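Here's the structure, in structure tokens; my notes come after.
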Amino acid sequence: MNPDLTNTNDLNKYLHVTVFLTIGIPSIKRVINATYLLKTLEFLILRTSDEQKLNTTCVILLSDLDDNYNILVENQIKSLFPNYLNSGFFHVLRVDKMFYPQLNGLKRNFNDAEDRISWRAKQVLDYTILFRYSSTLSHYHMQIEDDVECGLNYYKHIKYFIEALHFKSQMISLKQFSNKTQYSDLIKDSDPKRNSDAPSFSKARIWSILDFSVLGFIGKLLRSTDLNMLSTFLATFYDEQPVDWLIVYWIKNMGANQMLSYKPSLFQHFGLRSSFNFRQDNKLKDKYFLSQPIDEFRANPLAVIYSNMTSTNKMQAIEDVYIPSDKFIFELSNKNSLMVVNFLKPESIENIKIFSGPIGGNQNVNDGIVNNAMRGSAVLHNNNKSCFQNLFIYTGKTPQKRPKINGELNAVPVCDDLKSIGRFQGCLIEVKISEKDCECVTLGVQELPNPVLVNKIVINSN
């Protein structure tokens, strides 16, 4: 596919630089001459730091069939944002209408009116152009629309989530090793703070698309290495279904069942008028959006995690409690439930947070301080009988070899030289300690009158 593109930038200046993120923004004329694109670009400028701009490029695709309109918008961007065009933060492309195939007389899928079918098919083709052009610009590509507000620190949240998922695939891979010394040599290649695209011993592909907004195709992120394949797929079926429906088939073809979502949402839709003449304004809002999402970016130390807890979802792995999640995903339903976190190297632990909640109960975890009974200090919230009644936390040393039972590796190896931190209760537990050269943390429940769901564990080390 070789569309006739007009590029405002001198692209040759940037071809030798592969940035972290490309943001694709298709834009065409809206009904009643409503315009939102410039406001969207202002949000991106204000909420992307100077350092982040060096690792981001926004590709604005002006693809209205009226080229005079495209030229008008291009000139507005040139006039208002010359510095960002010169730096490569903005790329502006215009598509010649001769590129598009016949958009009239297409098959009447879903019994839609002919003009809506043409509009929908052209939207799919716009995405194919944008994906093809962007495929070599960055490691990752994210698609938004031209009437979108981005949340504060959106870039930092995106980078953190990608690194956390990379981290998860590494943790899953580490479980194949029975001897601690077998994987100690991998430490240098397993730091999630390094380039998340660096070669890894993990071959697990746990995502194809990440979702940073629940609305349409806003905030959908892909690996740039997948863009040409996806572009070809969409071009093949452009007249069959809407683009966000076609994406679902592509995800399944890539071996994933669903997009992985990040909460809170990082992008919010604000436009009212569509590029198609619908009868009503589009007032859709993302209920999970926060313009200033809470920052909690410190990644957990790399570890191998074992547990006899039961997952509430077949698609979840125990490692999911160790990375960002919006679901209460693991159920403690039996006494003597254990979770063991074996660090890959000794860590100096400063803080442990455990987020939990009752099954079907009140998930409010901000009802005040209940107890303060540990060496150091603890902040324990919501003394709900369906939350933890007796959670024991220990630190210790990791055995050099995992014990075997009947010739098989023990599913939940114990830590050696255990040191009790304390016994706690509540739905949100925060433990502040000073523990040097800690090799493992064990969480245990010996009394459990009611089932409890465990959402997330955050372990901060220095």
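Here the sequence shown is numbered in my numbering, starting from 36 and rising by one per residue. Cβ atoms here follow ideal geometry from the backbone N, Cα and C, with glycine treated the same way. These figures come from a predicted structure and were not determined experimentally.
Residue i, buried or exposed, once every other Cβ within 10 Å from all chains shown has been counted against 16
i: Pro117; result: exposed
i: Lys157; result: buried
i: Lys203; result: buried
i: Lys287; result: exposed
i: Leu73; result: exposed
i: Leu115; result: exposed
i: Met344; result: buried
i: Gly140; result: exposed
i: Arg143; result: exposed
i: Met374; result: buried
i: Phe145; result: exposed
i: Asn407; result: Reliability fails at Asn407, whose pLDDT of 25 lies under 50, so the model's placement of it is uncertain and no value is given.
i: Ser342; result: buried
i: Thr514; result: In this structure the chain extends from 36 to 497, so residue 514 is not present and cannot be described.
i: Ser259; result: buried
i: Gln293; result: exposed
i: Asp321; result: buried
i: Asn377; result: buried
Residues of its chain near residue i, where Cβ-Cβ distance is below 8 Å and the 5 sequence neighbours each way are ignored
i: Asn263; result: Phe166, Arg167 and Ser170
i: Gly186; result: Arg82, His192, Pro299, Ser300, Leu301, Phe302, Gln303, Phe324, Leu325, Ser326, Gln327 and Pro328
For residue i: DSSP bridge partner residues
i: Met177; result: Ile58 and Leu256
i: His304; result: Val183
i: His201; result: Answer is none; His201 lacks a bridge partner.
i: Cys473; result: Glu382
i: Asn377; result: Val339 and Cys475
i: His126; result: Val94
i: Thr430; result: Lys454 and Val476
i: Lys191; result: DSSP, once it has assigned bridges, lists no residue as partnering Lys191.
i: Ser248; result: Note: Ser248 sits in no beta bridge, so no partner.
i: Leu295; result: Leu245
CB of residue i within 7 Å of CB of residue j, strictly
i: Ile60; j: Ile95; result: yes
i: Tyr357; j: Ile492; result: yes
i: Glu385; j: Asn497; result: yes
i: Cys473; j: Thr433; result: no
i: Val183; j: Ile112; result: no
i: Ser372; j: Val476; result: no
i: Leu97; j: Arg129; result: yes
i: Asn335; j: Ile80; result: no
i: Ser266; j: Asp181; result: no
i: Tyr273; j: Leu160; result: yes
i: Leu295; j: Leu245; result: yes
i: Leu379; j: Leu426; result: no
Nonlocal neighbours in the same chain, by C-beta distance under 7 Å from residue i, ignoring five residues either side
i: Thr92; result: Val54, Thr57, Gly123, Phe124, His126, Leu172 and Ser173
i: Pro277; result: Arg155
CA-to-CA distance, residue j to residue i, given in whole angstroms
i: Asp147; j: Ser243; result: 30 Å
i: Ser412; j: Val466; result: Here Ser412 scores only 26 on pLDDT, less than 50, and its place in the model is too uncertain to base an answer on.
i: His176; j: Lys255; result: 8 Å
i: Phe247; j: Tyr297; result: 5 Å
i: Val414; j: Ile464; result: The predicted model places Val414 with a pLDDT of 32, which falls under 50 and marks its position as unreliable; any figure quoted below should be read in that light. C-alpha separation (whole angstroms): 6 Å.
i: Cys498; j: Leu478; result: Look at the range of the chain in this structure, 36 to 497, and you will see that residue 498 is not part of it.
i: Phe305; j: Asp279; result: 19 Å
i: Asn110; j: Tyr119; result: 14 Å
i: Glu149; j: Gln137; result: 13 Å
i: Arg151; j: Glu275; result: 12 Å
i: Ser391; j: Tyr162; result: 41 Å
i: Tyr71; j: Phe78; result: 11 Å
i: Asp85; j: Asn188; result: 12 Å
i: Leu89; j: Lys194; result: 14 Å
i: Val487; j: Ile179; result: 38 Å
i: Asp102; j: Thr75; result: 21 Å
i: Ser469; j: Asp261; result: 44 Å
i: Gly251; j: Leu319; result: 10 Å
i: Lys388; j: Cys462; result: 10 Å
i: Lys454; j: Ile340; result: 19 Å
i: Phe459; j: Ile428; result: 8 Å
i: Asp355; j: Val249; result: 20 Å
i: Leu257; j: Gln205; result: 20 Å
i: Ser153; j: Phe134; result: 15 Å
i: Ile456; j: Pro381; result: 17 Å
i: Asn121; j: Tyr190; result: 21 Å
i: Ile241; j: Gln87; result: 26 Å
i: Ile197; j: Leu269; result: 25 Å
6 Å Cβ shell around residue i - same chain, five flanking residues per side excluded
i: Met289; result: Ser243
i: Ser383; result: Lys471, Ser496 and Asn497
i: Val108; result: Leu97
i: Ile353; result: Ile340 and Ser342
i: Tyr104; result: Lys64
The ligand MN heavy atom lying under 6 Å from the CB of residue i
i: Gly59; result: The model depicted lacks the ligand MN and carries no ligand whatsoever.
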